[in-house]
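Here's the structure, in structure tokens; my notes come after.
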Amino acid sequence: DSGDADVVALKNYLDAQYYGEIAIGTPPQKFTVVFDTGSSNLWVPSSKCYFSIACLLHPKYKSSRSSTYEKNGKSAAIHYGTGAISGFFSNDAVTVGDLVVKDQEFIEATKEPGITFVLAKFDGILGLGFREISVGNAAPVWYNMLKQGLIKEPVFSFWLNRNADDEEGGELVFGGVDPNHFKGKHTYVPVTQKGYWQFDMGDVLIGSAPTGFCENGCSAIADSGTSLLAGPTPIITMINHAIGAAGVVSQQCKTVVDQYGETILDLLLSETQPKKICSQIGLCTFDGTRGVSMGIESVVDKENAKLSNGVGDAACSACEMAVVWIQSQLRQNMTQERILNYINELCERLPSPMGESAVDCAQLSTMPTVSLTIGGKVFDLSPEEYVLKVGEGPAAQCISGFIALDVAPPRGPLWILGDVFMGKYHTVFDFGNEQVGFAEAV
Amino acid sequence: ERSDGTVRVGLKKLKLDSKNRLAARVGSKQDKPLRGYSG
Chain A
100 DSGDADVVAL KNYLDAQYYG EIAIGTPPQK FTVVFDTGSS NLWVPSSKCY FSIACLLHPK
160 YKSSRSSTYE KNGKSAAIHY GTGAISGFFS NDAVTVGDLV VKDQEFIEAT KEPGITFVLA
220 KFDGILGLGF REISVGNAAP VWYNMLKQGL IKEPVFSFWL NRNADDEEGG ELVFGGVDPN
280 HFKGKHTYVP VTQKGYWQFD MGDVLIGSAP TGFCENGCSA IADSGTSLLA GPTPIITMIN
340 HAIGAAGVVS QQCKTVVDQY GETILDLLLS ETQPKKICSQ IGLCTFDGTR GVSMGIESVV
400 DKENAKLSNG VGDAACSACE MAVVWIQSQL RQNMTQERIL NYINELCERL PSPMGESAVD
460 CAQLSTMPTV SLTIGGKVFD LSPEEYVLKV GEGPAAQCIS GFIALDVAPP RGPLWILGDV
520 FMGKYHTVFD FGNEQVGFAE AV
Chain B
184 ERSDGTVRVG LKKLKLDSKN RLAARVGSKQ DKPLRGYSG
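From first to last, the protein sequence lines stand for chains A and B. Residue numbers for the first sequence follow my numbering, beginning at 100 and rising by one. Residue numbers for the second sequence follow my numbering, beginning at 184 and rising by one.
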């Protein structure tokens, strides 16, 4: 029931950095899984998986060897960007830590096409999201922990160790929090959309300067199964510019800035409603809340028709981004000339959708702090916290922890706070009170 | 299981190196879907 129209590529599981061990069946069969708050199903490879290379390289669940196995047989498929994991549901006892969850519904994967899971360090995924996004409406493991009275408090919490030299990767605590792994009090925000651990997020600041993009509210998801921090393209572009991340030059963006930059600036100064500006200058239509693509080619588009398909959309998007950027600069009282130069530079820092950006490891000290506002509190990330180092010594490469993800209103704008954020901030998932809490991790 | 009623699961951390980064790039088109959202 996950039609393609409702699917946005979110993550590459090979980037998942934190994983742990569980066991299924009696006697226990061990599997390494990613504990993923961004999904809600448990799946492991099945002994009935014969033709997928991933299955050959990972341990497989053999129901015939388990005395607690119960047949279910309902078919299941979890769809991915270019493939799907499919199989069937089974029920068995699942051991997590010292807890034995009885009669847990899970997916035995019989097909894992593609290369995604072939090279993965883990065998499967244990979803810690809500039942609302569970394929086949299967109860997530934590629902059954609660139902079977296995945990005192209806809470689980993550501590992800950011010290690369430590052997201990982190800790997932069911039933409470480990006071040794955070300092101060948690800032709690209510879950606004059950399914994901989703909450409202306020403005994003770059080097303590507000960007303004989320001042009227954005949504965010706390997702332990994602490595990076994903957010709307206009803000990720501004961050890329501030940290010197290599982006993809967008000619449409430059053309819009060149031809309409001054007009946008003038309209903002004359206090025209920002959401109406792009429709007013003819690059978008106005749907009552925001600009939407006109579906016809403008003069700008025709000039750049060779550059890409769907340039009408591109010009509308570029215009809307330019409005956000110019607004942000006007707030900082920049001169007109400086603003137009800046937004032209931003066009060169446009990130590839869901693509990673390289940064110069030697320039970390010059990069600004990036901060997110959650529950009225500002949560900082320093360059050392948002840049990922790949490899060692002179061969080391640095990757920006920010990637672009665009989700349109009313669901968006949306941020995905993955390990980059959850590494700095100890995270409590309180399903009793349906809230998420963040405190500085130690 | 601790006396405070909590149960702890140790996590391992994957150390990023050029080998698994390459793997990540190869598999980058096989992404996990974000269910319920349209792009």
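Backbone N, C-alpha and C fix where the C-beta goes; we use that ideal spot for every residue, glycine too. Computed from a predicted model, the values in this text were never measured in an experiment.
For residue j and residue i, the rounded distance between their alpha carbons
i: residue 444/A; j: residue 340/A; result: 8 Å
i: residue 556/A; j: residue 498/A; result: Lying before the first or after the last residue shown, residue 556/A is absent from chain A, which here runs from 100 to 541.
i: residue 489/A; j: residue 458/A; result: 11 Å
i: residue 508/A; j: residue 189/B; result: 39 Å
i: residue 351/A; j: residue 506/A; result: 21 Å
i: residue 428/A; j: residue 456/A; result: 24 Å
i: residue 432/A; j: residue 442/A; result: 15 Å
i: residue 486/A; j: residue 446/A; result: 22 Å
i: residue 195/A; j: residue 321/A; result: 21 Å
i: residue 517/A; j: residue 116/A; result: 10 Å
i: residue 519/A; j: residue 357/A; result: 36 Å
i: residue 479/A; j: residue 337/A; result: 16 Å
i: residue 280/A; j: residue 373/A; result: 44 Å
i: residue 328/A; j: residue 137/A; result: 13 Å
i: residue 252/A; j: residue 267/A; result: 25 Å
i: residue 536/A; j: residue 299/A; result: 12 Å
i: residue 304/A; j: residue 314/A; result: 10 Å
i: residue 222/B; j: residue 206/A; result: For residue 222/B, the pLDDT reaches just 35, beneath the cut-off of 50, and the residue's location in the model is therefore unreliable, leaving the point undetermined.
i: residue 201/A; j: residue 224/A; result: 18 Å
i: residue 476/A; j: residue 234/A; result: 35 Å
i: residue 257/A; j: residue 527/A; result: 7 Å
i: residue 196/B; j: residue 230/A; result: 27 Å
i: residue 248/A; j: residue 190/A; result: 19 Å
i: residue 440/A; j: residue 515/A; result: 30 Å
i: residue 135/A; j: residue 319/A; result: 16 Å
i: residue 146/A; j: residue 209/A; result: 8 Å
i: residue 542/A; j: residue 291/A; result: Here chain A comprises residues numbered 100 to 541, so residue 542/A is not present and cannot be evaluated.
i: residue 365/A; j: residue 495/A; result: 46 Å
i: residue 277/A; j: residue 265/A; result: 18 Å
Under the three-state DSSP convention, the category residue i falls into
i: residue 279/A; result: helix
i: residue 357/A; result: helix
i: residue 304/A; result: strand
i: residue 545/A; result: For chain A, the structure presents residues 100 to 541; residue 545/A sits outside this window and is missing.
i: residue 142/A; result: strand
i: residue 121/A; result: strand
i: residue 401/A; result: Only weak support exists for where residue 401/A lies, its pLDDT of 43 falling under 50; the value from the coordinates is given anyway. Helix at residue 401/A.
i: residue 509/A; result: coil
i: residue 372/A; result: coil
i: residue 523/A; result: helix
i: residue 396/A; result: Unreliable placement is indicated for residue 396/A, whose pLDDT of 43 sits below 50; no coordinate value is reported for it.
i: residue 383/A; result: strand
i: residue 167/A; result: coil
i: residue 185/A; result: strand
i: residue 174/A; result: strand
i: residue 327/A; result: coil
i: residue 534/A; result: strand
i: residue 362/A; result: helix
i: residue 297/A; result: strand
i: residue 128/A; result: strand
i: residue 116/A; result: coil
i: residue 187/B; result: coil
Residue span of the beta strand (DSSP E) that contains residue i, given as start and end
i: residue 319/A; result: 317 to 321
i: residue 483/A; result: That residue, residue 483/A, is in no beta strand (DSSP E); its alpha helix (DSSP H) goes 482 to 485.
i: residue 499/A; result: 496 to 499
i: residue 504/A; result: From DSSP, residue 504/A is part of no beta strand (DSSP E); its letter is neither H nor E.
i: residue 197/B; result: That residue, residue 197/B, is in no beta strand (DSSP E); it is neither H nor E in DSSP.
Alpha helix (DSSP H) segment containing residue i, residue limits
i: residue 332/A; result: 332 to 342
i: residue 154/A; result: 152 to 155
Residue ranges of each alpha helix (DSSP H) within the region 409 to 475 of chain A, 4 or longer: 410 to 430 and 435 to 446, all fully within the region 409 to 475 of chain A.
Jot down the residue ranges of each uninterrupted beta strand (DSSP E) in the region 198 to 278 of chain A, minimum 3 residues, whole runs only, in chain order. 198 to 210, 223 to 226, 254 to 259 and 269 to 273
Between the region 270 to 301 of chain A and chain B, which residues of the former have a C-beta closer than 9 Å to a C-beta of the latter? Listed by position, the residues of the region 270 to 301 of chain A near chain B (Cβ gap below 9 Å) are 270, 271, 272, 273, 274, 275, 276, 277, 292, 294 and 295.
Listed from N- to C-terminal order along the chain, which residues in the region 467 to 486 of chain A have their beta-carbon within a distance smaller than 9 Å of any beta-carbon of chain B? Residues of the region 467 to 486 of chain A whose Cβ lies closer than 9 Å to any Cβ of chain B: none.
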